[in-house]
Amino acid sequence: MDDAPRDLQDLLEQGDSGYERIRAISLDAVSNGAVLTPVDELRHSSAVLRPPQIIAIGANYAAHSSELSLRLETSATVFSLWPNSLTGHGSTITWPRDLTTQVDYEAELGVIIGRPARNVSVANALDYVFGYTVVNDITARDLQFSEAQWSRCKSFDGFTPTGPLVVTADEIGDPQDLWLTTHVDGRILQDASSGDMVRTVAEIISYLSKTSTLLPGTLISTGSPGGAGYSRKPPIFLGDGSTVTISIDKIGMLTTHCREI
16 MDDAPRDLQD LLEQGDSGYE RIRAISLDAV SNGAVLTPVD ELRHSSAVLR PPQIIAIGAN
76 YAAHSSELSL RLETSATVFS LWPNSLTGHG STITWPRDLT TQVDYEAELG VIIGRPARNV
136 SVANALDYVF GYTVVNDITA RDLQFSEAQW SRCKSFDGFT PTGPLVVTAD EIGDPQDLWL
196 TTHVDGRILQ DASSGDMVRT VAEIISYLSK TSTLLPGTLI STGSPGGAGY SRKPPIFLGD
256 GSTVTISIDK IGMLTTHCRE I
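Each residue of the sequence shown is one higher than the one before, counting from 16 in the working numbering.
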C-alpha cells in the first residue's frame, strides 16, 4: 500500500476510512495465516509519536490534590507536556542529580483524540476518542514547587512514558470504570479507580474543546490519583535503579527504569 500509515498519527489523520481499510487488511492477513510477532517480543516506542498536542490535567483527583496541598479550582488546571518527554514501555529515563533529587511517579489514564473536536458537548465527547493508553507523568517535585508553571518539571527527556499500546475506545467502554495501580520496586504505592476523577474524561474533552480544536492524535493525560511519593512520610522518590510499573485495566502494564546521571 503506497498510502500505508507510518504510525498511529498517520492512521488517525486518514480518518475512519483509513482505519477501516487497515483493519480489514490486518484481519485478512491473520485469517490467511500471517505470522505475527508476539507483543512481548517487540521493542516499544511511545504509544503516540507525533501528537499535535500533549495536554495534561492537574489536580483531577481529590486525594492527590490534598496530599500535595493543591486547591481544587472551579475550573480545570491545564498545562502542556513537551514532545521530547515522550518515551515507551521498557525505556530507561535519566536525570541530572544536580537539577533534581525529588523525582516522583504519577499513574494517569491517557486519552487519544480520534477526530477533530470543537465545542463538543459532554454527552457526545467520548465519540471523539480513538483510544486509551497508560501514562506515567513523572515529575521533578523540587522544580514543580519552585516555579509558577508545571511544564518544565514534567518535561525532562523521557519523563512522559506512554504505552505499552493503545486500546481502541470500543474495547474500553466506560473510561470511568478502570483501576490504576503503581508499583515502585515491587511495592504498591497507588491503587485507585478512574471513577474518582474530579472531572470525567468526557467533561475534560468538552471543556478543552470550547476554546480550541482538539486535533486527531492529541494526547490528554487526565490526572493522577493519590499516593504520590512526595506526600509520603518519609517521602518516596525515584532513584538510581528504581523501576516503576503502572497498570490500568484493559490496557496493560507500563514499565519504566530509572537512572541518575
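The C-beta atom is built at its ideal place from N, Cα and C for all residues, glycine as well. Since the structure is predicted, the reported quantities are computational estimates derived from the model, not experimental observations.
DSSP state of residue i mapped onto helix, strand, coil
i           : result
residue 234 : strand
residue 279 : Residue 279 cannot be examined here, being either before or after the span of the chain that is shown, 16 to 276.
residue 33  : helix
residue 132 : strand
residue 57  : coil
residue 51  : coil
residue 229 : strand
residue 101 : strand
residue 64  : coil
residue 248 : coil
residue 140 : helix
residue 43  : helix
residue 162 : coil
Identified DSSP bridge partners for residue i
i           : result
residue 195 : 207, 263
residue 125 : 148, 236
residue 94  : 71
residue 274 : 109
residue 118 : 155, 253
residue 269 : 261
residue 8   : The structure shown does not extend to residue 8, since the chain spans only 16 to 276, so no value can be given for it.
Closest by C-alpha distance to residue i, when choosing among the options
i           : options            : result
residue 67  : 232, 157, 179      : 232
residue 229 : 72, 90, 131        : 131
residue 108 : 36, 175, 262       : 175
residue 273 : 213, 92, 154, 184  : 154
residue 195 : 147, 185, 275, 41  : 147
residue 115 : 213, 169, 123, 127 : 169
residue 158 : 167, 150, 152, 256 : 167
residue 247 : 47, 203, 266       : 203
residue 182 : 225, 193, 52       : 193
residue 179 : 32, 51, 58         : 58
residue 251 : 27, 198, 50        : 198
residue 206 : 27, 242, 255, 104  : 242
residue 121 : 49, 239, 26, 51    : 239
residue 163 : 200, 143, 92       : 92
residue 254 : 77, 63, 73, 119    : 119
residue 184 : 270, 117, 217, 165 : 217
Extent of the continuous beta strand (DSSP E) to which residue i belongs
i           : result
residue 181 : 175-183
Delimiting residues of the alpha helix (DSSP H) encompassing residue i
i           : result
residue 24  : 23-28
residue 216 : 216-224
beta-carbon residue i near the ligand GTP non-hydrogen atom, thresh 7 Å
i           : result
residue 144 : As presented, the structure is devoid of all ligands, the ligand GTP included, so that no description of it is given.
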